[in-house]
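Undergrad:
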Amino acid sequence: MVGLPESRPERSGLLRVLRQRLSAGKRAAPPVREIGVTLALLFGRRWWWKTFVVLLAMGTMAALGFWQLDRLDQRRAFNEQRRAALA
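Counting in this note's numbering, the sequence shown runs from 39 upward without gaps.
(1) Output yes or no for whether 8 Å exceeds the beta carbon distance between W85 and L79.
(2) Return helix, strand or coil for R120, following the three-state DSSP convention.
(3) I'd like the span of the alpha helix (DSSP H) that includes A78, first residue to last.
(4) Classify M96 as buried or exposed, calling it buried when 16 or more other Cβ atoms lie within 10 Å of its own Cβ.
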């Protein structure tokens, strides 16, 4: 892989497994063990705050999406009231 010297030891077996899957062209769902390794990596000391920021951003974006839909309903109701008042 570009940028990773072969002499550098792997921090986890996850990168090795991902490289093997990419080279083999497998598309099957990963086993439960690999999912556990991935979750342990994401919530480990090095990545926990980045994972938290991403989850917080996802929640914020979902809330903003629902706010937009609510605002659309309000605007349509307002437009309907104006149309009725003008008629």
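For glycine and all other residues, C-beta sits at the position ideal for the given N, C-alpha and C.
TA: A quick look at the data gives this:
(1) Working through the sequence shown from its first residue, we reach residue 85 at position 47. Working through the sequence shown from its first residue, we reach residue 79 at position 41. By the CB criterion at 8 Å, W85 and L79 fall inside the cutoff.
(2) If you number the sequence shown from 1, residue 120 lands on position 82. Note: R120 maps to helix in three-state DSSP.
(3) Residue numbering aside, residue 78 sits at position 40 when the sequence shown is read from its first letter. Start and end: V70 to L80.
(4) As a working mapping, residue 96 is identified with position 58 in the sequence shown. Exposed is the call here.
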